[in-house]
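In numbering that gives the first Met the number 0, the protein residues as written are 0 to 457. Only one structure is covered here, and it is reproduced in the block below.
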Amino acid sequence: MAEPSPASASSDSSTLSWKKRRLPTVASLRRAALQGKGEESGAPATVAGWLAGRRSSGRLLFLNFRDGSGFAQVVVFRKAVSSEAFEAARHCPLESAVEIRGAAFAEPRAPGGMELRATDFRVIHAAEPYPITPKEHGASFLLDRRHLWLRSRRQHALLRIRDEVLFAFREYLRDQGFICGDTPIFTPNACEGTTTLFETQYFDRHAYLSQSGQLYNEAIAMSVGRTYCLGPTFRAEKSKTRRHLIEFWMLEPEVAFAELGEIVELAEGLICHAVDRVLTNRAAELATLDRDPERLRRIQPPFPRITYDQAAARLAEKGTDFTLGDDFGAPDETALTEGMDRPLVVTHFPAAIKAFYMEPAPGRPDRVLGMDILAPEGYGEIVGGGQRIHDHDLLRERVREHGLPEEAFGWYLDLRRFGSVPHSGFGLGIERFVAWMSGISHLREAIPFPRTLYRLSP
RNA sequence: UCCACGGUAGCUCAAUGGCAGAGCAGCGGACUGUUAAUCCGUUGGUUGUAGGUUCAAGUCCUACCCGUGGAGCCA
0 MAEPSPASAS SDSSTLSWKK RRLPTVASLR RAALQGKGEE SGAPATVAGW
50 LAGRRSSGRL LFLNFRDGSG FAQVVVFRKA VSSEAFEAAR HCPLESAVEI
100 RGAAFAEPRA PGGMELRATD FRVIHAAEPY PITPKEHGAS FLLDRRHLWL
150 RSRRQHALLR IRDEVLFAFR EYLRDQGFIC GDTPIFTPNA CEGTTTLFET
200 QYFDRHAYLS QSGQLYNEAI AMSVGRTYCL GPTFRAEKSK TRRHLIEFWM
250 LEPEVAFAEL GEIVELAEGL ICHAVDRVLT NRAAELATLD RDPERLRRIQ
300 PPFPRITYDQ AAARLAEKGT DFTLGDDFGA PDETALTEGM DRPLVVTHFP
350 AAIKAFYMEP APGRPDRVLG MDILAPEGYG EIVGGGQRIH DHDLLRERVR
400 EHGLPEEAFG WYLDLRRFGS VPHSGFGLGI ERFVAWMSGI SHLREAIPFP
450 RTLYRLSP
């Protein structure tokens, strides 16, 4: 590659030409047409994208066109274009790459209120017969063609909502003084020791794929105070439900000097900010998914807080199979959040069912300062975390009690030998959150290429 | 790992043990405002694999493969 001169590489003109090259788009044309800006509405424009659908009506064709920024109806009048262009528009297969010259107009009969009236139609690449039709398909068929399924209106909306959620989380945390310090994916041993890990080769040694960045986050938090990591997480559990993925993304904030109550508030603020951004910026996508925005508008602080023991009493009233001392099962979570319009915060779990690093509750050594946040509508646990043990001797005792290899946790115990402070954090499941925002029933649509128990491709 | 269900045309599904079917998609045609358009015509099959029972198996039996839903675990 030729080395660009420093002047041209950083000049305004190159930035401008990139910005200019990307316009107009379906989104910019719709904005202009709906706002009635004389400049762009009705003015000639050329857009490039894909043919997403077609209906014909004699000398009139209705195309559904997608250019990445959105979908738009294109009207092709036989008289308005050359006969070659009309035949091309009438016959080229769905998902062909096409270039359309025309003009955008506000049009109440068109979906989205804008349509592009074509003056020319050119095929950039004629597609082979497209396997995904506008009719019904099963999950298995679509997942085998996930690389193509992503082009559908529904998946397009889900990708944009996921992006909005991720951006909103980062925005909120940055605003609160957090640093994104990332944590390794190759790890020498288990973070928690409870769940199954994916084992892999690391040259001549064994390594595992990370199931949490938390322990590393604790080290980073002792440097910068407030940190988070956001990345993929791997659980080699043979989970086979709509609420589980083998590879999923997790946001994990960790805060020095924070106690349990403070990170509950952090989670609450973080969740409400993301909800607000999705409602503001992704209203059209929510409509595409038939997600009622009113349900999301009701997600406001404060979230109700109950302790594990209060939750257990509530389950006893409701008469689920729950046994005191156990963790909540999926039916228990659904029962607890039944009829609620905002998430439920549960704290003070039995020490026996939680991870070794959880701080004991003051005055209740059999309970720990852990917290789970259960989303309403059956979306289950979206947040899990709590306050970490900061006392060196207590933590070492817990490592031993759990039968963990003490030498592997040497560096982790070190954090409690050099200026140890109370600190807390949590993990938030991105796909569960996106699924909840979107109102979809299965996590596999909340990530572009889901990894499920028996599905590794595409 | 356990429980349940499924595998028939490109897709979604029918078919008492007795000729392999429909709708949609595709292809050809009609139609100047469609919203999953409509209408006419038409192509399309090693019934997941292997074996067994039977005059006869998509259908019954056995094993295996693949998938879907759920449980447990967790985000």
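Ideal placement from N, C-alpha and C gives every residue a C-beta, glycine not left out. Here the structure is a predicted model, which means the values were calculated and not measured.
Quick check: the Cα distance between Ile446 and Glu430, rounded to an integer number of angstroms?
Computed Cα separation, rounded: 7 Å.
Restricting to runs no shorter than 4 residues, where is the alpha helix (DSSP H) found entirely within the segment 360 to 442?
391 to 400, 409 to 413 and 429 to 437
Residues in its own chain within less than 7 Å of Tyr378 by CB, not counting five upstream and five downstream?
Arg431, Ala434 and Trp435
Span separating the alpha-carbon of Pro361 from that of Phe321
26 Å
Simplified DSSP state of Val80, which is helix, strand or coil:
coil
Assign Lys134 to buried or exposed, taking buried as 16 or more other Cβ atoms, counted over all protein chains shown, within 10 Å of its Cβ.
exposed
Can you tell which of Tyr201, Phe202, Leu229 and Thr199 has its C-alpha closest to the C-alpha of Ser211?
The option with the nearest alpha carbon to Ser211 is Leu229.
Can you tell me where the beta strand (DSSP E) with Arg53 in it begins and where it stops?
In this chain, the beta strand (DSSP E) harbouring Arg53 covers Pro43 to Ser56.
Anyone know if the C-beta pair for Leu452 and Lys237 falls short of 8 Å?
yes
Extent of the continuous alpha helix (DSSP H) to which Met221 belongs
Gln213 to Val223
Please go through the same chain and pick out, in chain order, the residues whose beta-carbon is closer than 7 Å to the beta-carbon of Arg450, but skip the five residues on each side of it.
Leu244, Ile245 and Glu246
Drop a sphere of 10 angstroms on the beta-carbon of Thr193, count the other beta-carbons inside from all chains shown, and report buried for 16 or more, exposed for fewer.
Legend: pLDDT at Thr193 = 47, less than 50; position of this residue unreliable, value from coordinates given subsequently. Result: exposed.
Which value, in whole angstroms, describes the spacing of the CA atoms of Val164 and Ile178?
Looking at the two C-alpha atoms, the distance is approximately 18 Å.
State the DSSP-derived secondary structure class of Asp119, mapped to helix, strand or coil.
Reduced to three states, the DSSP call for Asp119 is strand.
Could you check what DSSP says for Asn280 in three-state terms: helix, strand or coil?
In this structure, Asn280 counts as helix in the three-state DSSP scheme.
Rounding to the nearest angstrom, what Cα-Cα distance links Asp143 and Ala87 in this structure?
30 Å
CA-to-CA distance, Gly101 to Leu60, given in whole angstroms:
14 Å
Bridge partner(s) assigned by DSSP for Met467:
Here the chain comprises residues numbered 0 to 457, so residue 467 is not present and cannot be evaluated.
Mind checking whether Tyr207 and His272 have CB atoms under 8 Å apart?
no
Does the distance from the CB of Ile381 to the CB of Ile388 come in under 8 Å?
In this structure, Ile388 does not lie closer than 8 Å to Ile381 by Cβ.
Once the 5 residues before and after Pro375 are set aside, which same chain residues still bring their CB inside 7 Å of it?
Thr336, Met339, Asp340, Arg341 and Pro342
Using the rule of at least 16 other Cβ atoms within 10 Å of the residue's Cβ for burial, across every protein chain shown, is Glu316 buried or exposed?
exposed
Out of Ile160, Arg150, Cys91 and Ser209, point me to the one whose CA is closest to Pro128's CA.
Cys91
Tell me the rounded alpha-carbon separation between Ser95 and Asn280.
30 Å
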